[in-house]
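Visitor: Residue numbers (the working numbering): 134 to 229.
Got a structure for you, questions after.
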């Protein structure tokens with residue numbers, strides 16, 4: 134008794150177009166979503182970090198790391214800042 138063979142995977146031009154569309158959409162989403170976080174990190178990083186100012190690549194890497202850490206720990210940051218929350222939320226319907 135033979136085991137049924139799985140169908141060969143295929144990749145069509147429509148699949149490629151769908152992948153490219155989703156990849157571009159994700160890239161735009163990440164750029165827009167990260168921008169406010171990058172602004173917060175920029176505001177938290179003192180401009181007079183003398184050691185880092187001599188090495189702009191390190192400064193950029195530090196800021197990138199801080200953005201990633203904020204994204205990865207968003208729930209914990211939200212919970213820690215909850216006592217200071219004003220409760221004011223942007224009107225999302227008006228923005229869209």
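Quick reminder that beta carbons are idealized off the backbone N, C-alpha and C, glycines included.
Small disclaimer: the values here were computed from a predicted structure and weren't measured.
Can you look up residue 166 in the DSSP assignment and give me helix, strand or coil?
Guide: Correct three-state label for residue 166: helix.
Visitor: Are the segment 168-179 and the segment 148-160 touching, with three or more C-beta to C-beta distances below 8 Å?
Guide: As far as the Cβ criterion goes, the segment 168-179 does not touch the segment 148-160, which means the pair count is below three.
Visitor: Name the two residues that bound the continuous alpha helix (DSSP H) containing residue 212.
Guide: That run of the alpha helix (DSSP H) goes 207-214.
Visitor: Going by DSSP in three states, residue 224 sits in which element: helix, strand or coil?
Guide: Of the three classes helix, strand and coil, the one that applies to residue 224 here is coil, per DSSP.
Visitor: Would DSSP call residue 154 helix, strand or coil?
Guide: Note: residue 154 maps to helix in three-state DSSP.
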